[in-house]
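In my numbering, the protein residues as written are 177 to 450.
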């Protein structure tokens, strides 16, 4: 994979530039659905074989770079919600919340969206999963969370976490099914990356032309045995950066863009679209 740091792609541990408080410049009345929000896919997949690794920055570094959407997959382990995959068997969801809240303590005008998914969702475990999720949120402090299903304005959620709920149970945030999502992650070979880019561009264009009452989420990531995540990211991130650069003189609404190995200038370019 290499220790590469480009404007659009970064496989090093530290972002080249940081944007820790960019939301402080956005008006309170702006709806989250009307923003361009940089995010990461499989946000905690930092280790493992090349086919598994999706990011090189830890959560705090992602937040400091300007990332405001993270993608967290959980499963039940020892009656706790464990981050998946977890090579150490000790990284639990409450640690994710702790890192996020510590960042929000320092930058109280920011807001963090977290997509939470249950990797082993089934009728036997879904109830326990939801109960443990509610327990972790209560233990972290309810005041840190947006608890309604409606899409808020930024002013309503400054200093808060917004859960995008991709699991069964009582509503504790915005239902993930309410978003307009493109997440066709399977890229058979590196020769199919062009098809992936066409899908990404299509959803971005739809978000750009929408009325702003729906939240869009575009995953730029792709993976298979014939196209490892870093190979897809190197090409897609370059295309995305070029696409956004060509439109940089305009204000555009792109929705959430969730990326693998984003470069900090690519993150900044998404921020500057607001």
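Ideal Cβ positions, reconstructed from N, Cα and C, are used throughout, including at glycine.
Does the beta-carbon of residue i have 16 or more other beta-carbons within 10 angstroms, so that it is buried, or is it exposed?
i	result
residue 401	exposed
residue 264	Low local confidence applies: a pLDDT of 47 at residue 264 is under 50, so the model's placement there is unreliable, and no value is given.
residue 496	This structure gives no information on residue 496, because the portion of the chain shown stretches from 177 to 450.
residue 303	exposed
residue 185	buried
residue 245	buried
residue 203	exposed
residue 369	buried
residue 424	exposed
Give me the residue from the options with the minimum Cα distance to residue i.
i	options	result
residue 380	409, 405, 428 and 334	428
residue 187	310, 344, 332 and 436	436
residue 378	342, 404 and 419	419
residue 357	365, 382 and 425	382
residue 250	391, 200 and 296	296
residue 353	336, 367 and 327	327
Kindly indicate the opening and closing residues of the beta strand (DSSP E) around residue i.
i	result
residue 290	287–294
residue 434	431–435
residue 216	212–216
Cutting at 8 Å between CB atoms, please list the residues of its own chain near residue i, excluding the five before and the five after it.
i	result
residue 193	241, 440, 441 and 444
residue 346	306 and 310
In the DSSP assignment, find the alpha helix (DSSP H) that holds residue i and state where it starts and stops.
i	result
residue 331	330–333
residue 466	In the structure as shown, the chain starts at 177 and stops at 450, and residue 466 therefore has no counterpart that could be examined.
residue 337	Not the alpha helix (DSSP H): residue 337 falls in the beta strand (DSSP E), residues 336–342.
residue 310	302–316
Leaving aside the five residues before and after residue i along the sequence, list all residues of the same chain whose C-beta is less than 7 Å from its C-beta, in chain order.
i	result
residue 360	375
residue 430	212, 380, 383, 384, 446 and 449
Take residue i and list the residues in its own chain whose beta-carbon comes closer than 6 Å to its own, dropping the five residues that flank it on each side.
i	result
residue 372	363 and 398
Between residue i and chain D, is any beta-carbon pair separated by less than 8 Å?
i	result
residue 289	Checking the listed chains, one finds no chain D in this structure; it contains a single protein chain.
Point to revise | Complete beta strand (DSSP E) runs within the region 239–273 (minimum length 3 residues, chain order) | key: Listed in chain order, the complete beta strand (DSSP E) runs (minimum 3 residues) inside the region 239–273 are 245–253 and 256–259.
Review point. Which full runs of the beta strand (DSSP E) of 3+ residues lie inside the region 351–425, going along the chain?
Key: As summarised for the region 351–425, the continuous beta strand (DSSP E) elements at least 3 residues long and confined to that stretch are 356–358 and 392–395, given in chain order.
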